[in-house]
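Those sequence lines, one after another, are chains B and C. Residue numbering for the first sequence follows full-length UniProt numbering, beginning at 1 and increasing consecutively. Residue numbering for the second sequence follows full-length UniProt numbering, beginning at 1 and increasing consecutively. A short worksheet on the structure shown next.
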Amino acid sequence: MQQLDNQEILMKLKASKQFWDIKKKIKQGFNEQLKIGVNDIQKFAQSCEIEDQLIKLISHILKKSKKRETLKEDQIEFLNTSKIKWTELLFKNLDIVHQKTKNQEEDDTNTDSKLYIYDEKNLLAFLQTFKQQQSNSLYQNVQFQSNKLLNINIPLKSSQSILDKYQYLLLQEELQDDKINKIRKQIENEHLDIELEKIAQNFVPNGERCLLYLKYFEFDHQETVIQQNFAKLQKECSNQLFYDELLEIDGHEISEDTFYFVFQEQILTCLKCFIRDKTIKENIRIQLQSGLKKENTEFQLPVAGFFPFKNISKYVAPICYLSTKIHIIYALFKEFFCRYFCFLHSISSENNSILALCMQIEEIVSTRSPKLFHHLKVIGSDTLKLIMHQLVYCFIGDMDPPHILTIYDQIIGHDSLEILIILCVGFLNKYKPKLLLAKNYENVQQIFSELREDKFQELVQFAYKQ
Amino acid sequence: MSEYFRKYIKKEHYANHYTNLKFKTSFRNCILEAFKRRLWKETDGDDWDIMWAEKEWIHEVMDHTHLQPNQKINHFRNHYELTRKDLMIKNLKRYKKNLEREGKQEDANNYNFYPLTFHLPSEYPIFFEEFKRQSQNGDTKTAWIMKPIGKSQGKGIFIFNKIQQISQWKNTLRYNQDNPQAEAYIVQKYLADPLLIGGKKFDMRIYLLCTSYQPLTLYLYRTGFARFTHHRYDNEDITNTYVHLTNVAIQKTSDNYDEKLGGKWNLQTLKLYLMAKYGQEKVAETFYNIQMLMIRSLQAVQKIIINDKHCFELYGFDILLDAQLKPWLLEVNASPSMTSNTPIDFELKCGLLDDVFTIIDLEKVLTGNEEQIGGFDLICKGAPIKLPINSTFTTYLGAFNNRQQQLKKIAKSTAIRLAQTYQETQTKAIEIGSKGQKEKEEKDKQMRSSSKGPQAMQNGVNGSNKPNNLSKQNTIMKRNTTNLPALGAVQNKSNIKRQPLQNAGQQQQQLQQSQSNSSKKNNPNEDSMLSANQKLQKLTQESKINQFQPYKQQSQYNDVMGMGSRNLQKNEE
């Protein structure tokens, strides 16, 4: 962990409104007393009941002053080697994709528009290979008799604790106007992470969401900086990259979505800037691919440090509802990706990683709905195969934007992707009766190709239904 | 009929049962589907109860046709006063002037929601003056839009900013005030700063249902659309119609038009988006202004449109928001498109039409005082309806469309109310029956001997209350069933299906019964609607069927009800 110097801590302190409020009180309290000790402050804080606030403020500043470093090495060794393998695999895919685009240019009739380096199915297939690897290396003498697709020995939270954590969502009701106004004022005046998280956990009025996110990511006073950085990146976009072509192809899918077609251009611009943004490497919480340089490949990883994958556009799309300014959209997307979504594409044993999320879902479904779990396995459409798309893309495209943004609120509120576990379980429970009637994979496909409408609150309720 | 109404309301309680209703339409899109979903029957003849006609039919046929009291049609006779571009502007201008003359300056100022418009060729000189004035002010960028009056779907529309650009148009049509052949156009100042989303221009299609002009009764549908152009907006390039015109018909011809997509958002999505930039209050104000704009447009023509209880009209308002979120009225469509390009669109339009039919209430089950029916909210009845001060909303336009839940609720309460009135009428009948029993018996005898009209047969021969009660039931059934054979067939089947729900309804009914007339023994629970059919059969067989008038329909009815022709023969004898 890097430490900020005292000056920086003081700067951060001064940036928060609470600091000035407390300072004012302290000034009034001590009047013109010259020497003040720590004990005096403590006593005074106790006397005017600002002790809690003071502690919160100081811990907030401390938290902020520690800079998170990108996770490069995993504590489980075989995951580190797997990550290298995964990167190698993607380099191979890249070559194939490149070859295909070349062929397409020569032969106009063969227009395979679905070109991508990898998608969620590839990712799941790769994760599945772990089972054998690990059992070979670590548990040679132990016979696994699990029905689960993924059964790897990584530290996991108990699934009950996750279910308990989000149970409060069941009791949420629509708020009255006066309460909404109160929350609005709270967001306007609040600066502390913990308090903002609390608001996000419960209810965020539509009009205030952007402000809350900006404050949480500490962008609220940096609009000009954001704008300048974005303008720089936009200039760089004039140099065409091979990846741009892939992003354009990716954008076609989002252009077919009723809710997001309007933003096709903004999304593409954001992504083009994203793969050119050098700061991502420093800010991203986990390294997605090990940046091995292969000599015989024509391309290298983009500056951002990872390959653009299929449907990357989906992560930007809902954010377009938050602001009309493209630099704000970009800044929010970047932060969301670097803090959270990166885990959905990383080979890691972290709690937020796709591996852990998948295993949690399998655990919950197999214990709470064993019949469904078994049935899906029998008909060749495993639980994970079924919800992988929803999980990896946070239900974007499956729910309307307001519901997606509620998911984003929850992610911020708990600083975690665990809400996706709840929603995936709810999703499976919702379609359980239909799924149990399905006789093969095609039937399952048919169920989900029908017109359907999933809602956040509804899925949460289904998740807790026995 | 919305499925919930069919579910909860018992057949006997309908004033006019849905299986008796007939519709006529030449449309083969959502309209037909919506009709069919209500289980109404299609007819080609003149025996329709509701007709979804084309505008031309109204102009050509309606004036020469006498409509039956129960018949409903989807246009007012002179709807064009509002829905033809030139007349709408004329009426709005006139109404504004009248208000000014009456000294209602404040009200008059509210009529500022249409762009500066002139009728061509008749107002060409004034337009030319205005054009020159704007040019002299150095406002050379002002663009004007020409729209042919009689055409729709964006046909014949073009934009210009130099007077020479319409000289060709002038020559071909030999501009002359007296030339009757000159195609009439309106020319409007083009709104150059529309609100753009994702760099694209859009307009809104909002649905308003008018069921009466006296008093002005308006229902506003919560869901509408924002229709986007497929190209980025460019104020400089006025020749590219794809950029400027949002009509689906125009956009469909664009190279990159995507069938699946339709280029539409619903209003809820638009509202969500706008809130991010302008905040909740500003957006709420805008949507309220849109609602008021629509009410004001209708008020302007209220005295001009010929009110007719046979008519209702579903208007499609085209509204544009400018960059300051001010709504502008582009035009009002009398036949908004009811074709759909996506499954969601299809469901939305079918739902919309279903709610229209529920409001029209051919089944006569509603009170007429409902403030929300499906996705429609009553916004004006004589005067604009004000929502309670503590309400979260200033308008429900663009609010969550809870039509399913609302229909369920309204169907339940209607079912209870109808059951109650049904019970009351029955009780009254019983009271009358026992009071004037003797007199009626005598009358009855006389009637039977002279075998006169069916009313005389209403009262049972039997002295007891029960048959009396049942005979009343029979007459109600009879009144409800002008189309007897089909009813008999459907009724038997659906009665079996609806059993559990009817039981639920029955319980409520029982409760009310025990509260209101617990002392009346003549109203036993066994009179439940569930067994009404069986009882009817039993009774008609037991108690001489010749009590009922043996008209043709009755004989068909008996055939279906399995009573055979033996009884009939008896009657005829």
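A virtual CB, placed ideally from N, CA and C, is assigned to each residue, including glycine. Model, not experiment: these values are computed from the prediction.
Three-state secondary structure (DSSP) of residue i
i                     : result
Asp220 (chain B)      : coil
His389 (chain B)      : helix
His252 (chain B)      : helix
Ala15 (chain C)       : coil
Thr427 (chain C)      : helix
Asn266 (chain C)      : strand
Glu313 (chain C)      : strand
Phe357 (chain C)      : helix
residue 581 (chain C) : Residue numbering for chain C in the displayed model covers 1 to 573; residue 581 (chain C) lies beyond these limits and cannot be assessed.
Cys210 (chain C)      : strand
Leu272 (chain C)      : helix
His60 (chain B)       : helix
Interface partners of residue i on chain B, CB under 8 Å
i                : result
Pro343 (chain C) : Leu451
Thr339 (chain C) : Residues of chain B passing the Cβ test: none, with the nearest at roughly 17 Å.
Gly398 (chain C) : The contacting residues do not exist; Gly398 (chain C) stays about 12 Å from chain B at best.
Beta-carbon contacts of residue i that lie in its chain and below 8 Å, excluding the five residues immediately before and after
i                : result
Glu248 (chain B) : Leu268
Glu73 (chain B)  : Asn80
Neighbourhood of residue i by C-beta, 6 Å cutoff - its chain only, sequence neighbours within 5 removed
i                : result
Met275 (chain C) : Val283
Met338 (chain C) : Asn29, Cys30, Ile31, Lys349
Below-8 Å beta-carbon distance, residue i vs any chain C residue
i                : result
Asn93 (chain B)  : no
Gly397 (chain B) : no
Val262 (chain B) : yes
Asp40 (chain B)  : no
Ile230 (chain B) : Reading off the sequence shown, one finds Phe at residue 230 (chain B), where the question assumed Ile. For Phe230 (chain B), the answer is no, since every Cβ of chain C falls outside 8 Å of its Cβ.
Cys394 (chain B) : no
Pro401 (chain B) : yes
Thr324 (chain B) : yes
Cys273 (chain B) : no
Cys210 (chain B) : yes
Residue i at chain B interface by Cβ criterion, 8 Å
i                     : result
Met204 (chain C)      : no
residue 653 (chain C) : Residue coverage of chain C in this structure runs from 1 to 573, which leaves residue 653 (chain C) outside it and unanswerable.
Glu3 (chain C)        : no
Phe118 (chain C)      : no
Phe287 (chain C)      : no
Gly279 (chain C)      : yes
Tyr14 (chain C)       : no
Residue from the options whose Cα sits closest to the Cα of residue i
i                : options                                : result
Ser316 (chain C) : C:Ala323, C:His310, C:Asn307, C:Gln291 : According to the sequence displayed, residue 316 (chain C) carries Gly and not Ser. Closest option to Gly316 (chain C), Cα to Cα, is C:Gln291.
Met399 (chain B) : B:Val378, B:Ala331, B:Phe448           : B:Phe448
Gly398 (chain C) : C:Phe376, C:Ile389, C:Cys380           : C:Phe376
Ile304 (chain C) : C:Leu387, C:Arg77, C:Lys326            : C:Arg77
Leu67 (chain C)  : C:Cys311, C:Thr19, C:Leu92, C:Asn110   : C:Cys311
Thr142 (chain C) : C:Gln188, C:Leu220, C:Ile50            : C:Gln188
Leu79 (chain B)  : B:Phe126, B:Glu49, B:Ile117            : B:Phe126
Tyr221 (chain C) : C:Asn161, C:Leu267, C:Lys428           : C:Leu267
Cys270 (chain B) : B:Asp95, B:Ile254, B:Lys334            : B:Lys334
Ala356 (chain B) : B:Ile275, B:Asn151, B:Tyr330           : B:Asn151
Met388 (chain B) : B:Arg368, B:Cys424, B:Leu192           : B:Cys424
Tyr185 (chain C) : C:Ala415, C:Asp86, C:Phe127, C:Tyr14   : C:Asp86
Cβ-based neighbour list, residue i, same chain, cut-off 7 Å, excluding 5 preceding and 5 following
i                : result
Arg37 (chain C)  : Cys350, Asp354
Gln360 (chain B) : Leu156, Ser159, Ile162, Ile421
Tyr4 (chain C)   : Leu407, Lys408, Ala411
7 Å Cβ cut-off: residues of chain B touching residue i
i                : result
Met275 (chain C) : Asn206, Gly207
Beta-carbon neighbours of residue i, restricted to chain C and to distances below 7 Å
i                : result
Gln266 (chain B) : Gly198
Tyr321 (chain B) : Leu272, Tyr273, Ala276
Phe219 (chain B) : Within chain C, no residue comes near Phe219 (chain B); the closest Cβ sits about 15 Å away, beyond 7 Å.
Asp177 (chain B) : Thr392
Thr406 (chain B) : Here the premise fails: no neighbours, minimum Cβ distance about 12 Å.
Partner residues on chain C for residue i, Cβ-Cβ distance less than 9 Å
i                : result
Phe259 (chain B) : Trp265, Thr269
Cys48 (chain B)  : Under the 9 Å cutoff, chain C gives no residues; its nearest Cβ is about 35 Å from Cys48 (chain B).
Under 9 Å from the C-beta of residue i: neighbouring residues of chain B
i                : result
Phe225 (chain C) : Going along chain B, no residue has its Cβ under 9 Å from Phe225 (chain C), so there is no contact; the nearest lies around 11 Å.
Proximity test, Cβ basis, 8 Å: residue i and chain A
i                : result
Phe228 (chain C) : The structure shown contains no chain A; the protein chains it does contain are B and C.
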